[in-house]
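Respectively, the protein sequence lines represent chains A and B.
The numbers in my numbering rise by one with no breaks, and the one at position 10 of the first sequence is 9.
The numbers in my numbering rise by one with no breaks, and the one at position 17 of the second sequence is 36.
Here a beta-carbon is modelled for each residue, glycine too, at the ideal position from N, C-alpha and C.
The structure displayed is predicted, hence computed values, not measured ones.
Please read the structure below before turning to the comments.
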Amino acid sequence: LAISKNIILYRKFFQKITSKHLRNRFFCHLEEAQLIISLKANQASAFKYLVEHYQGRVYNTVLSIVQQPNEAEDLTQEVFIEVYQSIGGFRGDAKLSTWLYRIATSKALEAYRKSKTQKRFSFLTSLWNSNNEIQHHPPEFEHPGVILENKERSKILFNAIAKLPNNQKIAFTLCHVEGLSYQEIAEVMQNTVSSVESLLFRAKGNLKNYLKNYYEKIL
Amino acid sequence: MKKYFDIEKEIEQTLQSLEGLKRADPMPFFYTRLEARMERELVKPQTMSWQIRPVWAYSSLAAAILLNVATIFTMTYYRQEKAISSPQERFAIEYGLNTTSGIEN
Chain A
0 LAISKNIILY RKFFQKITSK HLRNRFFCHL EEAQLIISLK ANQASAFKYL VEHYQGRVYN
60 TVLSIVQQPN EAEDLTQEVF IEVYQSIGGF RGDAKLSTWL YRIATSKALE AYRKSKTQKR
120 FSFLTSLWNS NNEIQHHPPE FEHPGVILEN KERSKILFNA IAKLPNNQKI AFTLCHVEGL
180 SYQEIAEVMQ NTVSSVESLL FRAKGNLKNY LKNYYEKIL
Chain B
20 MKKYFDIEKE IEQTLQSLEG LKRADPMPFF YTRLEARMER ELVKPQTMSW QIRPVWAYSS
80 LAAAILLNVA TIFTMTYYRQ EKAISSPQER FAIEYGLNTT SGIEN
């Protein structure tokens, strides 16, 4: 409460003297700094705010990589647990959202790699678990946010995205699913903007090849 | 030739199928589920961990050694007590008397 009162007081003061753009940037930065301080002080309300504010971004990113809703939810929870455990070591060099995207993508890739290994040995196990649910991923993934007319095409595209190399997959997902700018993607991937551009160019080329093979078979 | 153009058109349309994509959100009450999991995973191990703290482990070990040593001493004492069984022998030892009789000699 004390923190939010401070922010309101600062806001009233600065509204009179600065331009809208500068003001917004300043308050975003101030609010994030205050949030990090509160998180480091183990304040439950700050953690709840963080989860509610970022859960969509984390879930959407993870879901697009692992392509399985239940697993994506588990991984999203793991991301926030890791944030809770390691916020003390967060130096604030990057934005909080950048840090979250970094944890989310690395966890998602790790989970994807594990599920791929399980699939490789799936002939040794049953297709269904004890609750009569499919143990291994269904072959087609349907993103819930895709507009109706694109549903079928997006299934084919997500299938092709899953076959991309890890770096290209992250860059493509952050750009086209999460809508991040090249600069933001470069910060998440700890890379330069030009290498992100190159990754996206190669990803698009690979996707075109996969899709060409696919459509040549069915048309 | 027509097939080539069809394929190209399909590829372009498929690549553009993510346009207008809305962000997917987790199921409602995500924070409640997260809280429950954190309580399960982060709080419980802390309550159990006192058993494996060094101070408790070393104290338990010292207590066990002490009990063993005490048992050994007690056992030795009782063995000596048992060896001197009759009251006459105890009396003779207490007063420094010779217990052997002249008839036996």
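- If the five residues before and after A/ASN59 are omitted, its C-beta is found closer than 7 Å to the C-beta atoms of VAL176, GLU177, all from its own chain and listed in chain order.
- Counting only the Cα atoms, B/TYR77 lies some 44 Å from A/ALA71.
- Residue ranges of uninterrupted alpha helix (DSSP H) with 4 or more members, entirely inside the region 172-202 of chain A and ordered along the chain, are 181-188.
- Residues of chain A with a Cβ closer than 7 Å to the Cβ of B/ALA43 are, in chain order, TYR58, ASN59, LEU62, HIS142, PRO143, GLY144.
- Distance between A/THR116 and A/LEU38, taken at the CA atoms: about 36 Å.
- Below the 9 Å Cβ cutoff, chain B contributes PRO45, MET46, PHE49, ARG52 as neighbours of A/GLU72, in chain order.
- With fewer than 16 other Cβ atoms from the protein chains shown falling within 10 Å of its own Cβ, A/ALA40 counts as exposed.
- Two segments are said to touch when three or more pairs of C-beta atoms, one from each, lie closer than 8 Å; by this definition the region 82-91 of chain A does not touch the region 60-67 of chain A.
- By a beta-carbon distance limit of 8 Å, A/ALA45 contacts A/LEU34. Their separation comes to about 6 Å.
- Annotation for A/ALA43: the continuous alpha helix (DSSP H) segment containing it runs 43-65.
- Sequence-ordered contacts of the region 153-168 of chain A with chain B read SER153, ILE155, LEU156 [C-beta pairs closer than 7 Å].
- About 14 Å separates the beta carbon of A/VAL65 from that of A/ILE102, a gap too long to meet the 8 Å contact definition.
- Taken atom to atom, the span from the alpha-carbon of B/ALA82 to that of B/ARG72 is near 16 Å.
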